[in-house]
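Worksheet: one structure, shown below.
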Amino acid sequence: MHLIACPWCGPRDEVEYAYGGEGHIARPARPEALSDGAYADYLFMRRNPKGVHAERWVHAAGCRRWFNVLRDTVSHRILAVYKMGEPRPEAGP
Amino acid sequence: MTDQRFRNAAGGRIDRSRPLTFQFNGRRYDGFGGDTLASALLANGVRLVGRSFKYHRPRGIVAAGSEESNALVQLGTGARTEPNVRATQAEMHDELSAASVNCWPSVEVDVGAINSALAAFLPAGFYYKTFMWPPRAWRFYEWFIRRAAGLGRAPTEPDPDRYEKTYAHCDVAVVGAGPAGLAAALAAGRVGARVILADESSEFGGSLLGEAATIAAAPALDWVAGAMAELAALPEVRLLPRTTVFGYYDHNHLGLIERVTDHLGPRTDTTLPRQRLWKVLARQVVLATGAIERPLVFDDNDRPGVMLASAARTYANRWAVRAGDRAIVVTNNDSAYPAALDLSEAGVNVQAVIDARETPPDAWREPLRVRGIDLAAGRTVAAALGRKRVEGAEVYELAADGSRLIGAARCYDCDLIAVSGGWSPTLHLFSQSGGRPRFDAGIAAFVPGESRQAERSVGAARGTFSLAGCLAEGFAGGAAAALACGFGDGVAPPVPATGDTPAGPLRPLWRVPTAGHGGKAFVDAQNDVTADDVELAAREGYRSVEHLKRYTTTGMGTDQGKTSNVNALAILADLTNATIAEVGTTTFRPPYTPVTYGALAGRSVGDRFDPVRMTGLHQWHEAAGALFEDVGQWKRPWYYPRRGETLHQAVARECGAVRASLGIVDASTLGKIDIQGPDALKLLNLVYTNAWDNLEVGRCRYGLMLKEDGMVFDDGVTARLGPNHYHMTTTTGGAARVMGWLEEWVQCEWLDMRVHFTSTTTHWTVVAIAGPNARRLLAELCPDIDLESAAFPFMAWRDGTVAGIPARVFRVSFSGEQSYEINVPSSCGVALWQVLMTAGAKYDITPYGTETMHVLRAEKGFVIVGQETDGTTTPQDLGMDWIVSKKKTDFIGKRGLTRADCGRADRKQLVGLLPENSKDTLQEGAQIVAEIRPKPPMPMEGHVTSSYWSAALGRPFALALLMGGRARHGQTVAVSSYGTTSWAKVVPPIFWDKEGERLRG
Ligand SMILES: [Zn+2]
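Protein chains in written order, with my numbering: chain R, 10 to 102; chain Z, 93 to 1093.
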């Protein structure tokens, strides 16, 4: 029942969305140049903060667009919604 | 039939024109429309209604609302039976039938009451301590507990009723329709806010229904009626009676359960559902949830006939029922005085008000004197007398510090002890919203602290108990909530005059000193937790309130501590020399009262549990007698048995037909994705392991997709339709996953890539014909495609017409035979299939299902992703190095494959197995073990992934993943399954047409 504001469709019910884990994980430009450890970091290591978390969501049962969300993992409040490729904004109120 | 001896001839809010009959524990009684089961039982003088959870003590009705802790009943019979319904919330309907829970064999003669005699062995922490030793005794305890304890019995038959779900948004949700809630709804509704007002009772009015209060110099219920009429006329206001707000979740999301037709009893008319689950998102929430009266903790305070004073008053006023003949009223606060007067007015012989306070307020002395009710100050009840019902009470003088009783008991002869230990605001929803309650010493109760969500509490829910105060806070809260949503100016409507008598302070009284006859003083009646249990827990070091809760179970179960919470905390505080504020309160969990599984499931049951997907040819398959297999959400024909055929016989026949002449299979469920854009080729090179640059228009290629860790993810054939246009196929089960995968990469990682995806899975009906006669049949029906191998080779596709239908024909094969997959628009699928069946009759064209398809592909050694792979399988493990490009600088999973672990020689690798015993088809999933031992564990070296009997080979065969398998061809291995051992020879994973002449020819 949470309303999440898709950057393209506006506020829609959370059941229309799917969660995609931590945001801003960039694929290494030259994966072959990475050590096993560094590559494992890219593949598996994710932050699990208590507080503001940048993550990506997809409007799976809507426009099917991916976008970024800043969410407070304690209150579950959504502090910001922004498009892919845009920089992470300062944490909202 | 009974005479409702305790029902007054007039008064109450019952419908005397609607007499009803009901059954309780097999006996018939009379009641009226508007009764609850509890009020009707009391009207008939039924006091013993159940047995307690642990000790099986006789129990009666203590409350009039959802805080009832004792009177839990099994309502109805058969498929509609419902356990643990509070008798106070079961609305009466004709032919209602109910029975006590926890009674075996009956409520009057209860074998489980032996627990009561064994009480010394059932102390706090019983569950934790007892079951620790000796292990063998558990069997005995389990039998004993399952038989004797547990609350009610779940129905064993399918639920015949219908349940609905509704989603709603509103500006202001008001929880509770007592004076404060009604006022809040009025204030918000009048200025145009969209309001939802919900109350768990059948009637709005809350506490006013049980009191004889006045508002604006008229009966308060006149004001309620006026408010209801006004609210009903406001178009944006929705009134939900019989609706419990049971949960308060993040983002002001409320869970509501509306009992739509429960009060009508079982019906044949099913226009309306039984219950409706509401999910409401409110911009603002007003909690007007009222307060719950606290019982007093004294010896044997659980005897039937000990009742909350407010409940006894409500029974008198709302249902014209006397809860007893001879009563005493025991209190530590003012609220029991009007209760005593109302009881007296209703005809109960109220002998005395026993007030723990030394100096009760003078205002009540005269009204009591007029009614001939004694007032005993500085005293309290220390023990209830009687077993199955109250027969008297021992009253003592209380020491100034409350620590001991003074002097001798005065015994009252009474059958009703109406008690009030003060009031606790109902904080359940506030607590669920994330708010922390704060202790208010003035009312000796927890009140809402700071709000964590957009909510406010008003009236008794925030510790304001006067009627004037409730109205004022309700109006103000409603106006403020509306303003927060942009409605009105936030100014509260004027408060009408009320007839309140100002209340004095209460005297906190948590544990009445024991009268010393060995009685039990209950803190939590539903969970059978006594003051001694709390004391024992404190002595054993359980000083945190959350630990106390878990150790003693107080405040748990369906009750969630409604009446018990504060008493338990206060007693713990006393024992640990802490203040109640320091001890704090536990967190309340949803639901506030139990919610049926039916309502939570809604319509998502049976056929609607999960969508069922059927191809356009489904009805043809059904008519042909196919049995179906679930593949994801799809129903796929499994095999087509002819009369009397087993699975094995049918599959052998179907396989034989394909290998010898011609088979036909519905392949429509294959995932299909249309890919277009100038960067389509670039994308394919990144998501597949092999190279796509040299694929010409008109040709297709098999591809394997990996995850970034190098493990196989999906596979399929992709065709080049045009320079920038491809048709990708995926596994049936992986279609949505692959679509999502491509979209995620392009949208999140390769943002400048110009490529688009469209799912076309259901756009096409795909019919594959396979077998030595496939080309001959197609040639008859397809005049415009040159089918000769030189013109239309294996792994090519052509546009043309088949049976006059525009078609795209792929020459691909999953069977190892000459094969064509004919794609036509879905609407033409049945027509195509029928023409193929008719024209193919001369080749004995044979429809085959997934089982045959699997046998045929396994004979060829074609893997199925998800069957031969499990998320830890690399292309090399499958023997598919040939599909992993060495030249491409990058593709998804390339780096993952270079991990040293992926190059280990002893990785599990795909092999074929031929069982030594030619009658022995191996179990799929069976373990290949290095050494046979009498019983597990045995060292495991791999497992069987696919296993079939092959008609073509005349013997069973299998595919398996085996450690170092590729170097072990020729070896014999042991395969262990459920205690049996088979021996099988390791062979290369291909059994049919190893050179591929048949499928290319
Ligand atoms: Zn959208």
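We put the beta carbon where it would ideally sit given N, CA and C, even for glycine. Here the structure is a predicted model, which means the values were calculated and not measured.
Using DSSP with H/G/I as helix, E/B as strand and the rest coil, what is residue 851 of chain Z?
Here residue 851 of chain Z corresponds to residue number 759 of the second sequence, with the count starting at 1. In this structure, residue 851 of chain Z counts as strand in the three-state DSSP scheme.
So which residues of chain R does residue 986 of chain Z contact, with C-beta pairs closer than 9 Å?
Residue numbering aside, residue 986 of chain Z sits at position 894 when the second sequence is read from its first letter. What residue 986 of chain Z touches in chain R: 40, 41.
Quick one: which unbroken beta strand (DSSP E) runs of 3-plus residues sit fully inside the segment 525-602 of chain Z? Chain order, please.
530-532, 537-539, 547-549
So, is residue 1024 of chain Z buried or exposed, given that buried needs 16 or more other C-beta atoms within 10 angstroms?
For this step, residue 1024 of chain Z is matched to residue 932 along the second sequence. With fewer than 16 Cβ atoms within 10 Å of its Cβ, residue 1024 of chain Z is classed as exposed.
Would you tell me roughly how many angstroms separate the C-alpha atoms of residue 995 of chain Z and residue 45 of chain R, rounded to the nearest one?
For the purposes of this step, residue 995 of chain Z is identified with residue 903 of the second sequence, where counting begins at 1. For the purposes of this step, residue 45 of chain R is identified with residue 36 of the first sequence, where counting begins at 1. Distance between the alpha carbons of residue 995 of chain Z and residue 45 of chain R is about 14 Å.
Pick helix, strand or coil for residue 241 of chain Z, following the three-state DSSP scheme.
Working through the second sequence from its first residue, we reach residue 241 of chain Z at position 149. Unreliable placement is indicated for residue 241 of chain Z, whose pLDDT of 49 sits below 50; the coordinate value is still reported in the next sentence. The answer is coil: DSSP assigns residue 241 of chain Z none of H, G, I, E or B.
Spatially closest choice to residue 542 of chain Z from Z:557, Z:533, Z:526, Z:534, by CA coordinates:
Position 450 of the second sequence holds residue 542 of chain Z. Minimum Cα distance to residue 542 of chain Z is reached at Z:526.
Is residue 15 of chain R near ligand 1, in the sense that its beta carbon is under 7 Å from a heavy atom of that ligand?
One-based indexing of the first sequence puts residue 15 of chain R at position 6. Answer for residue 15 of chain R: yes, Cβ within range of ligand 1.
Residues that residue 840 of chain Z contacts on chain R, provided the C-beta gap is smaller than 7 Å:
Within the second sequence, the letter at position 748 stands for residue 840 of chain Z. Those are 65, 75, 93, listed as they occur along chain R.
Can the beta-carbon of residue 1094 of chain Z be found closer than 8 Å to that of residue 43 of chain R?
With chain Z represented from 93 up to 1093, any question about residue 1094 of chain Z goes unanswered, as that position is not in the structure.
Under 9 Å by beta carbon: chain R residues contacting residue 373 of chain Z:
As a position in the second sequence, residue 373 of chain Z is number 281, starting the count at 1. The answer, in chain order, is 10, 11, 12, 22.
I'd like the list of long-range same chain contacts for residue 241 of chain Z, defined as Cβ closer than 7 Å, with 5 residues on each side in sequence excluded.
Locating residue 241 of chain Z in the second sequence gives position 149, counting from the first residue. Summary for residue 241 of chain Z: the model assigns pLDDT 49, below 50, so the residue's position carries little reliability; its value from the coordinates is reported in the next sentence. Excluding residues within five positions, the ones whose Cβ falls inside 7 Å are 145, 146.
Contacts that residue 36 of chain R makes with chain Z (C-beta to C-beta distance below 7 Å)
The count along the first sequence starts at 1 and reaches residue 36 of chain R at position 27. Those within 7 Å of residue 36 of chain R in chain Z are 841.
With residue 497 of chain Z and residue 488 of chain Z assumed to form a contact (beta carbons below 8 Å), what rounded beta-carbon distance in angstroms separates them?
Here residue 497 of chain Z refers to the residue found at position 405 of the second sequence. Here residue 488 of chain Z refers to the residue found at position 396 of the second sequence. Between residue 488 of chain Z and residue 497 of chain Z the Cβ distance is about 4 Å, and since that is below 8 Å, they are a contact.
Three-state secondary structure (DSSP) at residue 698 of chain Z?
The count along the second sequence starts at 1 and reaches residue 698 of chain Z at position 606. Collapsing the DSSP output to three states places residue 698 of chain Z in a helix.
Please confirm whether residue 807 of chain Z has its beta-carbon closer than 8 Å to some beta-carbon of chain R.
On the second sequence, position 715 is the one that residue 807 of chain Z refers to. For residue 807 of chain Z, the answer is no, since every Cβ of chain R falls outside 8 Å of its Cβ.
Report the residue ranges of all beta strand (DSSP E) runs contained in full by the segment 309-379 of chain Z; include only those spanning at least 3 residues, in chain order.
Runs of the beta strand (DSSP E) inside the segment 309-379 of chain Z: 329-332, 335-341, 345-351, 367-379.
Which one of Z:1037, Z:1073, Z:911 has the shortest CA to CA distance from residue 958 of chain Z?
For the purposes of this step, residue 958 of chain Z is taken as residue 866 along the second sequence, with counting starting at 1. Checking every option, the nearest Cα to that of residue 958 of chain Z belongs to Z:1037.
Check whether the Cβ of residue 747 of chain Z sits closer than 7 Å to any heavy atom of ligand 1, and report yes or no.
Here the question's residue 747 of chain Z lines up with position 655 in the second sequence. Not so, every heavy atom of ligand 1 lies at least 7 Å from the Cβ.
Rounded C-beta distance between residue 951 of chain Z and residue 1084 of chain Z? I'm assuming under 8 Å.
Taking the second sequence and counting its residues from 1, one reaches residue 951 of chain Z at position 859. Taking the second sequence and counting its residues from 1, one reaches residue 1084 of chain Z at position 992. So it is a contact: roughly 4 Å between Cβ atoms.
For chain Z, find out if any of its Cβ atoms is closer than 8 Å to the Cβ of residue 48 of chain R; answer yes or no.
Reading the first sequence from its first residue, position 39 is the one you call residue 48 of chain R. It does: the Cβ of residue 48 of chain R has a partner Cβ on chain Z nearer than 8 Å.
In angstroms, rounded to a whole number, what distance separates the CA positions of residue 635 of chain Z and residue 668 of chain Z?
Taking the first residue of the second sequence as position 1, residue 635 of chain Z is located at position 543. Taking the first residue of the second sequence as position 1, residue 668 of chain Z is located at position 576. Their backbone Cα atoms lie some 7 Å apart in a straight line.
By the 8 Å beta-carbon criterion, what residues does the segment 341-360 of chain Z contribute toward chain R?
341, 342, 343, 345
Among Z:637, Z:376, Z:657, the one whose alpha carbon lies nearest that of residue 670 of chain Z:
Working through the second sequence from its first residue, we reach residue 670 of chain Z at position 578. The candidate whose alpha carbon is nearest that of residue 670 of chain Z is Z:637.
Can you list, in chain order, the residues of its chain with a C-beta nearer than 6 Å to that of residue 24 of chain R? Leave out the 5 residues immediately preceding and following it.
If you number the first sequence from 1, residue 24 of chain R lands on position 15. Taken in chain order, the list of residues that qualify is empty.
Are any of the Cβ atoms in chain Z nearer than 8 Å to that of residue 85 of chain R?
Taking the first residue of the first sequence as 1, we reach residue 85 of chain R at position 76. Yes, residue 85 of chain R lies at the interface with chain Z (some Cβ there is under 8 Å from its Cβ).
Among Z:1006, Z:307, Z:1014, Z:366, the one whose alpha carbon lies nearest that of residue 592 of chain Z:
On the second sequence, residue 592 of chain Z is found 500 positions in, with the first residue counted as 1. For residue 592 of chain Z, the nearest C-alpha among the options comes from Z:307.
Give the straight-line distance between the Cα atoms of residue 717 of chain Z and residue 732 of chain Z, rounded to the nearest whole angstrom.
Numbered from 1 along the second sequence, position 625 holds the residue referred to as residue 717 of chain Z. Numbered from 1 along the second sequence, position 640 holds the residue referred to as residue 732 of chain Z. Cα-Cα distance, rounded: 6 Å.
Along the chain, which unbroken stretches of the beta strand (DSSP E) at least 3 residues long are found entirely within the segment 663-736 of chain Z?
Counting only runs of 3 or more, we get 719-723, 726-731.
Closest Cα partner of residue 149 of chain Z within the set Z:991, Z:1001, Z:612
As a first step, residue 149 of chain Z must be located in the second sequence, where it is residue number 57. If we check each option's Cα against that of residue 149 of chain Z, Z:612 comes out closest.
What residue range is occupied by the uninterrupted beta strand (DSSP E) comprising residue 86 of chain Z?
Any property of residue 86 of chain Z remains undetermined from this structure, which presents chain Z solely from 93 to 1093.
Going by C-alpha to C-alpha distance, which of Z:437, Z:283, Z:991, Z:509 sits closest to residue 583 of chain Z?
To locate residue 583 of chain Z, count along the second sequence from 1; it is residue 491. The option with the nearest alpha carbon to residue 583 of chain Z is Z:283.
Under 8 Å between C-beta atoms of residue 787 of chain Z and residue 984 of chain Z:
Within the second sequence, the letter at position 695 stands for residue 787 of chain Z. Within the second sequence, the letter at position 892 stands for residue 984 of chain Z. Not a contact, by the Cβ cut-off of 8 Å.
Please state if the CB of residue 853 of chain Z and the CB of residue 764 of chain Z are separated by a distance shorter than 8 Å.
Position 672 of the second sequence, counted from the start, is the residue given in the question as residue 764 of chain Z. Position 761 of the second sequence, counted from the start, is the residue given in the question as residue 853 of chain Z. Yes; because the gap between Cβ atoms is below 8 Å, this pair is in contact.
Could you tell me the distance, in whole angstroms, from the CA atom of residue 937 of chain Z to the CA atom of residue 1069 of chain Z?
Position 845 of the second sequence, counted from the start, is the residue given in the question as residue 937 of chain Z. Position 977 of the second sequence, counted from the start, is the residue given in the question as residue 1069 of chain Z. Taking the straight line joining both Cα atoms gives about 38 Å.
DSSP state of residue 632 of chain Z mapped onto helix, strand, coil:
Here residue 632 of chain Z refers to the residue found at position 540 of the second sequence. In this structure, residue 632 of chain Z counts as coil in the three-state DSSP scheme.
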